[in-house]
Amino acid sequence: MWIKEIKLNNFRNYEKETIELNDGINVFYGENAQGKTNIIEAIYLCALGKSFRTSRDSEMIKLNDLSTEEQNNMVKAYTNSATVSIDFQRVDRDGNIKITISNKKQAFVNGVKAKKLSELLSNLNIVIFTPDDIRILKGGPENRRKFLNVLIGQLKPNYIFLLNNYSKILEQRNKYLKQIKEEGKPEEMLEIWDEKLVEYGTQICKYRTEFIEKIKNKLGKVHEEITDNREKIEIKYISECHDKENYKKILKNRRKLDIIRGYTSKGIHRDDFKMNIDGKSIEAYGSQGQHRTAVLSLKLSELAVVSDEIGEAPVLLLDDFMSELDQQRVHNFLKKIEGVQVIITCTEKIKLEKNKILIYNVNDGKINKNI
Ligand SMILES: Nc1ncnc2c1ncn2[C@@H]1O[C@H](COP(=O)(O)OP(=O)(O)OP(=O)(O)O)[C@@H](O)[C@H]1O
Ligand SMILES: [Mg+2]
Numbered sequence: 007m008w009i010k011e012i013k014l015n016n017f018r019n020y021e022k023e024t025i026e027l028n029d030g031i032n033v034f035y036g037e038n039a040q041g042k043t044n045i046i047e048a049i050y051l052c053a054l055g056k057s058f059r060t061s062r063d064s065e066m067i068k069l070n071d072l073s074t075e076e077q078n079n080m081v082k083a084y085t086n087s088a089t090v091s092i093d094f095q096r097v098d099r100d101g102n103i104k105i106t107i108s109n110k111k112q113a114f115v116n117g118v119k120a121k122k123l124s125e126l127l128s129n130l131n132i133v134i135f136t137p138d139d140i141r142i143l144k145g146g147p148e149n150r151r152k153f154l155n156v157l158i159g160q161l162k163p164n165y166i167f168l169l170n171n172y173s174k175i176l177e178q179r180n181k182y183l184k185q186i187k188e189e190g191k192p193e194e195m196l197e198i199w200d201e202k203l204v205e206y207g208t209q210i211c212k213y214r215t216e217f218i219e220k221i222k223n224k225l226g227k228v229h230e231e232i233t234d235n236r237e238k239i240e241i242k243y244i245s246e247c248h249d250k251e252n253y254k255k256i257l258k259n260r261r262k263l264d265i266i267r268g269y270t271s272k273g274i275h276r277d278d279f280k281m282n283i284d285g286k287s288i289e290a291y292g293s294q295g296q297h298r299t300a301v302l303s304l305k306l307s308e309l310a311v312v313s314d315e316i317g318e319a320p321v322l323l324l325d326d327f328m329s330e331l332d333q334q335r336v337h338n339f340l341k342k343i344e345g346v347q348v349i350i351t352c353t354e355k356i357k358l359e360k361n362k363i364l365i366y367n368v369n370d371g372k373i374n375k376n377i
């Protein structure tokens with residue numbers, strides 16, 4: 007699939023911009039703070055209904071440049087609303103996604119207002135690679151769960167439904183744990199929440215196990231290619247929540263501790279996955295370069311898994327790509343990727359011998375072709 011056109015209105019530092027893309031490689035280059043990542047963010051917003059760098063939607067609405075006098079008078083700095091509209095083409099259909107952000111966020115799929123943001127999913131499929139993704143391996147387990155949630159959520163709307171329900175129940179359970187401690191409420195009532203947590207949790211765990219397996223099937227070969235057969239990589243999902251009875255038992259065993267702490271200390275919200283290179287944990291023993299290549303392999307595996315699932319390639323977004331790899335590796339990498347629309351941002355103009363390549367310069371919220 008590929009994105010044909012992006013329209014931005016009062017989005018971040020863009021006032022009004024229409025960007026046409028091709029189905030091959032699209033490069034956005036420019037100096038720092040010009041609006042390159044903002045384009046990636048706009049695409050992500052249309053694919054997943056939210057930003058990957060803020061949870062406050064209003065930040066995406068263009069701020070007006072205020073005069074000192076206006077600043078002194080505390081004039082409202084926001085314009086009224088931001089809009090992103092994307093025309094895309096899939097093998098079997100074309101379509102449009104539009105998101106408007108004002109005091110609330112609304113999504114339109116082919117002109118029809120979506121009742122829920124989750125209706126957006128499965129229209130525009132993306133795989134994104136940003137410098138922050140190194141956190142998937144180096145950071146805490148919440149980064150790895152987010153990786154899985156974004157991957158699976160795009161493909162299985164039911165997964166988002168399960169996650170939302172799980173979060174709600176978890177919140178209620180945690181609130182009740184505090185009430186047991188502070189107000190002496192009966193402990194047995196926790197059973198109700200435990201039952202539901204286990205119900206949703208085991209289903210989430212099943213999806214994650216299935217997708218880790220799919221990634222695993224791609225990862226070995228991808229990583230061998232990247233490292234010229236020098237390294238063997240492994241991935242393993244770590245959870246205690248596969249089995250309902252076991253999950254219930256764990257919650258019960260932890261009950262006293264959970265009441266003291268006031269939160270639920272076990273469950274799929276604590277799950278993780280581990281990656282090893284040649285039998286050693288990357289997290290503990292990996293070099294900087296190994297971390298980077300492992301994340302790249304993980305992302306390429308994600309691309310392959312999503313392609314299998316939807317029957318065509320998703321759009322690949324590479325933010326600040328050159329900061330991760332040198333020119334030669336970028337060349338090798340892009341040569342290997344065929345039949346995928348790639349949208350790259352970088353600070354230096356990339357020279358590539360490819361037919362389908364569009365190059366744009368990004369300068370202070372303005373996009374100029376072929377400079
Ligand atoms: N709501 C907003 N209104 C106006 N300008 C904004 C808004 N949000 C961000 N910006 C501006 O957008 C610019 C940052 O855009 P972006 O993150 O896309 O930069 P970039 O080109 O990717 O830079 P880098 O190379 O450093 O990653 C900054 O100048 C910032 O002030
Ligand atoms: Mg950037």
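For the sequence shown, my numbering begins at 7 and goes up steadily by one.
All C-beta atoms, glycine included, are put in the ideal place defined by N, C-alpha and C.
All values derive from a computational prediction rather than experimental measurement.
Residues of the same chain with a CB within less than 6 Å of the CB of residue 325, apart from the 5 flanking positions on each side, are 43, 46, 136 and 351 in chain order.
In this structure, ligand 2 has no non-hydrogen atom nearer than 7 Å to the beta-carbon of residue 63. In this structure, the alpha-carbon of residue 142 lies about 29 Å from that of residue 254. If you check the CB distance, residue 367 and residue 374 come in under 8 Å.
Distance from the C-beta of residue 139 to the nearest heavy atom of ligand 1 is not below 7 Å. Around residue 265, the same chain offers 183, 186, 187 and 193 as residues with beta carbons nearer than 8 Å, after the five sequence neighbours per side are excluded. Under the DSSP assignment, residue 294 falls outside any beta strand (DSSP E), being part of the alpha helix (DSSP H) whose first and last residues are 294-316. For residue 318, the CB contacts under 6 Å within the same chain, skipping 5 residues up- and downstream, are 7 and 97 in chain order. DSSP links residue 111 through a beta bridge to 107. By the 16-neighbour rule on beta-carbons within 10 angstroms, residue 208 is buried.
Partner residues in a beta bridge of residue 319, as assigned by DSSP, do not exist. The DSSP-derived three-state label of residue 50 is helix.
With a cutoff of 7 Å, residue 56 does not count as near ligand 1, since its C-beta is closer than that to no heavy atom of the ligand. For residue 243, the enclosing beta strand (DSSP E) starts and ends at 239-244. With fewer than 16 other Cβ atoms inside 10 Å of its own Cβ, residue 244 counts as exposed. Counting only the Cα atoms, residue 370 lies some 41 Å from residue 290.
Going by C-alpha positions, residue 71 is about 24 Å away from residue 35. Classified as exposed, residue 195 has fewer than 16 neighbouring CB atoms from the shown chains inside 10 Å of its CB.
Checking the DSSP bridge columns, you'll see residue 32 partnered with 349 and 364.
Distances from the alpha-carbon of residue 305 to those of 365, 115, 92 and 232 put 232 closest. Here residue 370 carries a coil assignment [DSSP, helix/strand/coil].
Distances between the C-beta of residue 372 and the heavy atoms of ligand 2 are all 7 Å or more. For ligand 2, residues qualifying as neighbours are 42, 43, 325, 326 and 351, where qualification means a beta carbon closer than 7 Å to at least one of its heavy atoms (chain order).
Bridge partners of residue 90 according to DSSP: 14 and 105.
For residue 283, the enclosing beta strand (DSSP E) begins and ends at 278-283. About 5 Å separates the beta carbons of residue 53 and residue 132, which is inside the 8 Å limit, making them a contact pair.
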